[in-house]
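Numbering (this note's numbering), first residue to last: 77 to 567.
Here a beta-carbon is modelled for each residue, glycine too, at the ideal position from N, C-alpha and C.
Quick caveat: nothing in here was measured; it's all calculated off a predicted structure.
Below is one structure, written out as structure tokens; comments come after it.
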């Protein structure tokens, strides 16, 4: 996209302010810097404008203006994403949804809520908990991330094993299409006739349009919850315990794993009661009917002991349970105590491959002269290696990206995927051929074109920029777009 002249930029700002009101548009460079990256700070890109709508009609009018001017646009929630998915890769408009953060309706009889996309994930559960309900998808960033962002990336969380990901809890969506038309996808019931367009939209990473209202399921809180901490002296034993639990026909609500580096970081930061000398720890949670819960918990405890756990204990009360979960959900932040920066990876593998893949992750990272902390959703094989580095060291960022590419390739080679919940975004677009053929990608591109024929809605995401991800060479981003220090070479 050509750079806007000063005069044209001033005129466009006036038009945008006429739509969303005074104070609803940012265009000064210092203000735009706040929106140059998401949680993956390796990638940076500046928009020409950041716009703050407060209604679907505002969003539609802004999108129509963008189409008239040929300006790219991308929706943004809280900016907690970890794939560069909400960056303005080709400049243009960032449409911030943070002022559209209301709960519009709660229907307890039909167990649903209608919300706006800027609503923080955890705030929905806070609103319904007095009546004994909650919203199940619980990303680790749920205290900050928004439901619109969760929709874009089909986010999961620790309780994905039993309750599924965002798409399993979305019934319908009001969407502003890339041409500015407002449509409804899905509805207020689980089954609607016709194509599952709501299912197609969830996880489309903001490339199909912008959700402005969301109908979600809310669930009754379970009668009973038991949380078990199993401590291991070997990572392989912890990995084996995960498969052992599932093999016994048990489906816990969550099975989370942390390695020693992560445990030590968490204990330094929060003192949650994890043994600092453990090689790995499993946090296993069961929920459901009170009847039979103790028997199921004992089977979990025995499975962990049989796999080689040196210690297994059950949280005595809600306070201890909450403290254990605080350690798990705050682990990413705790890495700040041991490293100036880190890159969070996101891959999926079969559970039975955990011992092999974790060994390979450690070998790959060590070969690049780096460290890694592993904290992840072991129950569904969703890995989150956190590669630690110092951005002040020349070449460190390039080594991080190279190690990450190798890890993604290992995940693909064992029959897994390159993303479980963080999305493809900019980070992994060139890794798509690891798991998809050229024909697969062509079909996906045709679907994207059906929703987004001009390509102005969140351009530059998801699809590879080169013919093959195994080529090594410069990444050809658009001139307006990406500052990615140390990313001169990609796998």
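What separation, rounded to the nearest whole angstrom, lies between the Cα atoms of residue i and residue j?
| i | j | result |
| --- | --- | --- |
| residue 404 | residue 358 | 10 Å |
| residue 266 | residue 529 | 29 Å |
| residue 191 | residue 384 | 46 Å |
| residue 268 | residue 472 | 50 Å |
| residue 283 | residue 535 | 7 Å |
| residue 159 | residue 264 | 31 Å |
| residue 321 | residue 361 | 12 Å |
| residue 507 | residue 481 | 7 Å |
| residue 123 | residue 164 | 6 Å |
| residue 545 | residue 494 | Reliability of the predicted coordinates at residue 545 is poor, the pLDDT of 35 falling under 50, and the value obtained from them is presented with this limitation in mind. Looking at the two C-alpha atoms, the distance is approximately 13 Å. |
| residue 498 | residue 93 | 33 Å |
| residue 518 | residue 326 | 40 Å |
| residue 316 | residue 492 | 18 Å |
| residue 82 | residue 145 | 15 Å |
| residue 234 | residue 428 | 19 Å |
| residue 181 | residue 211 | 14 Å |
| residue 135 | residue 503 | 27 Å |
| residue 101 | residue 149 | 14 Å |
| residue 330 | residue 417 | 28 Å |
| residue 230 | residue 278 | 6 Å |
| residue 193 | residue 272 | 20 Å |
| residue 573 | residue 323 | The structure shown does not extend to residue 573, since the chain spans only 77 to 567, so no value can be given for it. |
| residue 400 | residue 352 | 14 Å |
| residue 299 | residue 386 | 30 Å |
| residue 286 | residue 527 | 11 Å |
| residue 543 | residue 510 | With a pLDDT of 42 at residue 543, under the threshold of 50, the modelled position of that residue is not reliable, and the figure given next carries that caveat. Approximately 12 Å, taken between the alpha carbons. |
| residue 247 | residue 203 | 19 Å |
| residue 396 | residue 86 | 56 Å |
| residue 281 | residue 533 | 10 Å |
| residue 189 | residue 183 | 6 Å |
| residue 185 | residue 328 | 27 Å |
Cβ atoms of residue j and residue i: under 8 Å apart, would you say?
| i | j | result |
| --- | --- | --- |
| residue 496 | residue 462 | no |
| residue 214 | residue 157 | no |
| residue 197 | residue 237 | no |
| residue 474 | residue 441 | no |
| residue 288 | residue 251 | yes |
| residue 363 | residue 301 | yes |
| residue 128 | residue 174 | yes |
| residue 356 | residue 411 | no |
| residue 490 | residue 431 | no |
| residue 402 | residue 348 | yes |
| residue 453 | residue 225 | no |
| residue 414 | residue 341 | yes |
| residue 501 | residue 524 | no |
| residue 116 | residue 369 | no |
| residue 172 | residue 140 | no |
| residue 520 | residue 460 | no |
| residue 161 | residue 228 | yes |
| residue 239 | residue 294 | no |
| residue 338 | residue 451 | yes |
| residue 216 | residue 408 | yes |
| residue 515 | residue 540 | no |
| residue 154 | residue 220 | yes |
| residue 436 | residue 486 | yes |
| residue 59 | residue 455 | This structure cannot settle anything about residue 59, because the visible part of the chain is limited to 77 through 567. |
| residue 312 | residue 449 | no |
On the DSSP bridge assignment, give the partners of residue i in chain order.
| i | result |
| --- | --- |
| residue 385 | Note: residue 385 sits in no beta bridge, so no partner. |
| residue 248 | 262 and 291 |
| residue 149 | 169 and 533 |
| residue 183 | 188 |
| residue 419 | 463 |
| residue 358 | 306 and 333 |
| residue 102 | 126 |
| residue 222 | 196 |
| residue 364 | 300 |
| residue 583 | Coverage of the chain is limited to positions 77 through 567, which leaves residue 583 absent and any answer about it impossible. |
| residue 319 | Its beta-bridge partners do not exist; DSSP assigns none. |
| residue 111 | None, per the DSSP bridge assignment. |
| residue 493 | 424 |
| residue 239 | DSSP lists no partner for residue 239. |
| residue 210 | 295 |
Round the Cβ separation of residue i and residue j to the nearest angstrom and send it over; I've been treating them as touching at under 8 Å.
| i | j | result |
| --- | --- | --- |
| residue 388 | residue 306 | 5 Å |
| residue 142 | residue 169 | 6 Å |
| residue 261 | residue 290 | So it is not a contact: roughly 10 Å between Cβ atoms. |
| residue 121 | residue 112 | 6 Å |
Give the list of continuous beta strand (DSSP E) stretches no shorter than 3 residues that lie fully inside the stretch 442 to 485.
447 to 453 and 461 to 465
Going residue by residue through the stretch 255 to 315, where are the continuous alpha helix (DSSP H) segments of at least 4 residues, counting only ones entirely within it?
For secondary structure counted as the alpha helix (DSSP H) over 4 or more consecutive residues, the stretch 255 to 315 holds these complete runs in sequence order: 273 to 277.
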